[in-house]
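Enquirer: First the structure, which I've put down as structure tokens, then a few questions once you've had a look.
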Amino acid sequence: MGCMLKELQTLKPLVSKHWWRYLLGLLFLITVDYAQTEIPQYIKRIIDNLLSGIDETTLRNTLLLMMLTAAGIALGRFMWRYFIHGASRRIERDLRARLFKHFMALPMKAFQDNPTGELMARATNDMQAIRMLTGMAIVAFIDGFFMSAIVLIRMFSENPSVALKVIIPLPIVTVIILFFGSKIGKRFKKIQEIYGSMSTIVQEVLQGIRVVKAFVKEDFFKNKFEKQNDEYRKANMSLVMLFGFFFPLINFIAGITMLILFMTGGHAILENTMSAGTLTAMIAYLEMLLWPMIGAGFTVNMIQRGRASLKRINEILFTPPEEKTRNNVLPKKVPQDGDFCFKNLTFTYPQAEKPVLQQISFTISHGTTFGILGRIGCGKTTLLKIITRIIEPEQGQVFYGGVDITEINIDELRKLFGYVPQESFLFS
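Remember, our numbering sits 90 above the position in the sequence shown when you count from 1.
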């Protein structure tokens with residue numbers, strides 16, 4: 091529970107910003123739920139009065155009330171969709187903007203640990219799941235709760251004994267939802283992770299297509315993508331199989347409740363303790379009650395998908411941004427002229443077996459030209475990245491004019507350099 095609350099902290103300020111939209115939307119939603127339960131009452135009156143004799147004026151008035159209620163329901167549905175879905179779209183926009191802004195502040199290590207395709211998947215596919223969490227999932231949960239409460243009150247007011255027998259199977263639904271809910275969340279998280287890996291392969295191939303063709307690596311990447319694509323299919327089929335058990339089971343319980351109503355309601359009519367109109371209303375109410383039961387499956391799906399996606403986005407948002415100075419010390423003034431002094435530098439790339447730099451120490455005097463020669467992969471580029479603080483060394487220090495470069499504001503430090511990376515970029 092504590093972990094879930096921590097995950098949701100990201101959404102708290104965004105949801106609070108649009109609280110009035112949610113409030114108005116939920117008020118319209120609850121009003122629509124109540125209005126829907128009035129329709130069976132009109133049907134009940136018409137049937138009972140037709141069987142006992144009814145004048146044309148009363149029938150016309152009842153039908154007019156039913157039409158006005160239906161029109162009000164249609165308008166109310168538009169309003170709650172406008173406010174609640176409008177809020178979820180705005181939250182999606184704000185969260186995506188925040189994520190992109192955080193991308194710009196992340197250190198290079200974060201991009202080394204997370205491939206481009208994976209980051210793109212979090213900014214697109216995961217955002218859609220969060221939009222469903224803050225929109226339709228809220229609607230389904232609130233709608234299911236209030237609709238169930240109102241319908242149960244209506245059913246017990248019509249015939250308590252029949253209503254009590256009908257709801258006996260309903261607690262089983264709660265157990266099923268709890269059992270399947272956690273499994274759905276885990277499997278969807280795996281699907282999102284595989285989707286991110288597939289996006290990375292596509293992005294890398296398209297970005298380096300000339301290199302792929304030059305080295306005749308088409309078959310290699312084709313096989314690599316097909317393997318990942320098949321993993322994606324298997325993960326989705328695993329989720330489909332889970333839903334294949336989940337939804338039919340919910341529908342089976344729903345069918346049992348309807349069977350109980352026909353048996354008990356029909357017996358009550360034969361004993362003259364219930365009218366035909368009341369049974370018709372009870373059937374309509376039970377159908378309204380069955381939707382929250384079936385919709386609970388969709389709600390669990392949206393919530394678990396949203397949680398899994400929010401967790402993936404939080405992994406990026408909770409990654410500390412690039413520090414302007416190490417340990418938050420006050421930045422020191424950049425020396426105008428000074429020597430570069432390297433002391434015991436050591437750096438190892440992720441998943442590398444040995445350090446690319448190990449205990450490197452030397453000095454570059456001010457006003458001199460200094461060249462570094464060596465074979466490919468010996469650490470020349472790594473050294474330049476450490477000087478400009480694109481990456482941080484595991485051990486050792488770099489001094490400029492006697493000042494540790496980690497104590498100099500990173501923006502001011504980088505103004506000292508003209509750095510041309512090995513990769514060439516064409517902006518167009």
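Beta carbons: idealized from backbone N, C-alpha and C, even for Gly.
Three or more C-beta pairs closer than 8 Å, one from the region 449-467 and one from the region 177-194: is that the case here?
Expert: Contact between the region 449-467 and the region 177-194 is absent, because fewer than three Cβ pairs lie under 8 Å.
Enquirer: With respect to the beta strand (DSSP E) encompassing residue 488, which residues constitute its N-terminal and C-terminal limits?
Expert: Its beta strand (DSSP E) spans residues 485-490.
Enquirer: So what's residue 284 in DSSP terms, helix, strand or just coil?
Expert: Helix.
Enquirer: Using three-state DSSP, classify residue 433 as helix, strand or coil.
Expert: DSSP places residue 433 in strand when its eight states are reduced to three.
Enquirer: Would you identify the three-state DSSP class for residue 290, choosing helix, strand or coil?
Expert: Helix, per DSSP.
Enquirer: Tell me which residue opens and which closes the alpha helix (DSSP H) that residue 152 is part of.
Expert: Here the alpha helix (DSSP H) through residue 152 covers 146-170.
Enquirer: Measure the alpha-carbon distance for residue 488 versus residue 433 and round it to whole angstroms.
Expert: The alpha-carbon atoms of residue 488 and residue 433 are separated by roughly 6 Å.
Enquirer: Would residue 230 and residue 127 be called neighbours here (beta carbons separated by less than 7 Å)?
Expert: For residue 230 and residue 127, no; Cβs fall outside 7 Å.
Enquirer: Can you check DSSP and say which residues form a bridge with residue 473?
Expert: Per DSSP, none; premise fails for residue 473.
Enquirer: Going by other Cβ atoms of all chains shown within 10 Å of its Cβ, with 16 needed for buried, is residue 336 buried or exposed?
Expert: So residue 336 counts as buried.
Enquirer: Give me the Cα-Cα distance between residue 324 and residue 425, rounded to the nearest whole angstrom.
Expert: Answer to the nearest angstrom: the Cα atoms are 59 Å apart.
Enquirer: Where does residue 418 fall in DSSP's three states?
Expert: Low confidence applies to residue 418: its pLDDT is 49, below 50, so where it sits in the model is not reliable, and the reading given next is rough at best. Helix.
Enquirer: Determine, using beta-carbon pairs with one atom in the region 251-268 and one in the region 311-331, whether at least three such pairs fall under 8 Å.
Expert: No, they do not touch.
Enquirer: Measuring only the C-alpha atoms, how far is residue 431 from residue 448?
Expert: Taking the straight line joining both Cα atoms gives about 16 Å.
Enquirer: Counting only the same chain and skipping the five closest in sequence on each side, list residues whose C-beta sits under 7 Å from that of residue 480.
Expert: Counting only Cβ-Cβ distances below 7 Å, and skipping sequence neighbours, we find 198.
Enquirer: Could you round the C-beta distance between residue 326 and residue 281 to whole angstroms and report it? I think they count as a contact, below 8 Å.
Expert: Sure, about 6 Å apart at Cβ, within 8 Å.
Enquirer: For residue 100, report the span of its beta strand (DSSP E) as first-last.
Expert: Here residue 100 belongs to no beta strand (DSSP E), and DSSP marks it neither H nor E.
Enquirer: Are the beta-carbon atoms belonging to residue 137 and residue 366 less than 7 Å from one another?
Expert: Against a cut-off of 7 Å, the Cβ pair of residue 366 and residue 137 comes out as a contact.
Enquirer: So, are the CB atoms of residue 289 and residue 211 less than 7 Å apart?
Expert: Against a cut-off of 7 Å, the Cβ pair of residue 211 and residue 289 comes out as a contact.
Enquirer: Does the count of Cβ pairs from the region 238-254 and the region 372-382 closer than 8 Å reach three?
Expert: As far as the Cβ criterion goes, the region 238-254 touches the region 372-382, which means the pair count is three or higher.
Enquirer: My output table needs one value for residue 203: the three-state DSSP class, helix, strand or coil.
Expert: If DSSP states are grouped into helix, strand and coil, residue 203 belongs with the helices.
Enquirer: State the CB to CB distance for the pair residue 278 and residue 394, rounded to an integer number of angstroms; the pair is presumed to be in contact (CB under 8 Å).
Expert: Their Cβ separation, rounded to whole angstroms, is 6 Å, which keeps residue 278 and residue 394 in contact under 8 Å.
Enquirer: If we call anything under 7 Å between Cβ atoms a contact, is residue 311 one with residue 295?
Expert: It is a contact, given that the beta carbons lie within the stated cut-off.
Enquirer: Quick check on the DSSP output: the alpha helix (DSSP H) that includes residue 581 runs from which residue to which?
Expert: Residue 581 cannot be examined here, being either before or after the span of the chain that is shown, 91 to 518.
Enquirer: Nearest to residue 484 by CA position, among 497, 436 and 386, is which residue?
Expert: Nearest C-alpha to residue 484: 436.
Enquirer: On the three-state DSSP scale, how would you describe residue 427?
Expert: Coil.
Enquirer: Residues bridged to residue 301 by DSSP?
Expert: None, per the DSSP bridge assignment.
Enquirer: Using C-beta distances below 6 Å, list every residue in its chain close to residue 354, excluding the 5 sequence neighbours before and after it, in chain order.
Expert: Hits under 6 Å: 252 and 255.
Enquirer: Alpha carbon to alpha carbon, how far is residue 454 from residue 490?
Expert: Each residue's alpha carbon lies about 10 Å from the other.
Enquirer: Following the continuous beta strand (DSSP E) through residue 452, name the residue where it begins and the one where it ends.
Expert: 447-454 is the extent of the beta strand (DSSP E) around residue 452.
Enquirer: Could you have a look at residue 266 and say whether DSSP puts it in helix, strand or coil?
Expert: Residue 266: helix per DSSP, three-state reduction.
Enquirer: Suppose you measure from the CA of residue 351 to the CA of residue 153; what does that come to, to the nearest Å?
Expert: Approximately 27 Å between the Cα atoms of the pair.
Enquirer: Using only alpha-carbon positions, find the residue among 482, 474, 408 and 398 that is nearest to residue 219.
Expert: Closest option to residue 219, Cα to Cα, is 398.
Enquirer: Between the Cα of residue 507 and those of 303, 499, 402 and 477, spot the shortest distance and give me the residue it belongs to.
Expert: Closest by alpha carbon: 477.
Enquirer: So residue 479 is in the alpha helix (DSSP H); what residue range does that whole segment cover?
Expert: Element bounds for residue 479: n/a, residue is neither H nor E.
Enquirer: Would residue 115 and residue 174 qualify as a contact pair, given that the criterion is a beta-carbon distance under 7 Å?
Expert: In this structure, residue 174 lies closer than 7 Å to residue 115 by Cβ.
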